[in-house]
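Using this note's numbering, you'd call the opening residue of the sequence shown number 10 and step up by one each time. Ideal Cβ placement from N, Cα and C applies to all residues, glycine included. Following: one structure in structure tokens, then a few remarks.
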Amino acid sequence: MNRRTKYATTMQIVRRTARRHSMRVIEIPGRGEGSHRWHALVDSSGIEIVRFSLTDHPRELSWTVLRNLEERLAPCFGEKWMER
Numbered sequence: 010m011n012r013r014t015k016y017a018t019t020m021q022i023v024r025r026t027a028r029r030h031s032m033r034v035i036e037i038p039g040r041g042e043g044s045h046r047w048h049a050l051v052d053s054s055g056i057e058i059v060r061f062s063l064t065d066h067p068r069e070l071s072w073t074v075l076r077n078l079e080e081r082l083a084p085c086f087g088e089k090w091m092e093r
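Below you can see the structure in the form of structure tokens.
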């Protein structure tokens, strides 16, 4: 990731990339505390591939959070997938 983004923009990138790989992102209701939101990446048959969490703050996400997200989803989307 070469720039910081907010929660909504980051989720747009994740969802768009998931669609390109015939997957989708769903939010897991009732998980997380406060502004922490849990999501799952599922394949076309609905099988959960990986879970990840993001904070839904009005400010930009930290470099650490973005780097961890990129590393967490790299096995599904490929290395440096957020830079494409």
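Among the candidates the options, whose CA atom is the shortest distance from the CA of residue i?
{"i": "C85", "options": "P67, V34, T73, S44", "result": "V34"}
{"i": "R60", "options": "E36, S54, W72, S53", "result": "E36"}
{"i": "S44", "options": "I58, D65, L78", "result": "D65"}
{"i": "E57", "options": "T19, T18, S31", "result": "S31"}
Below 8 Å CB to CB, which residues in the same chain sit around residue i once its five sequence neighbours on both sides are set aside?
{"i": "R68", "result": "K15"}
{"i": "S71", "result": "R13"}
In terms of DSSP beta bridges, what is residue i paired with?
{"i": "F61", "result": "H48"}
Taking the C-alpha atoms as reference points, what is the distance between residue i and residue j?
{"i": "S62", "j": "E88", "result": "19 Å"}
{"i": "W90", "j": "A83", "result": "7 Å"}
What do you get for residue i, buried or exposed, if any count of 16 or more other CB atoms within 10 angstroms of its CB means buried?
{"i": "A17", "result": "exposed"}
{"i": "T73", "result": "exposed"}
Once the 5 residues before and after residue i are set aside, which same chain residues still bring their CB inside 6 Å of it?
{"i": "S53", "result": "S31"}
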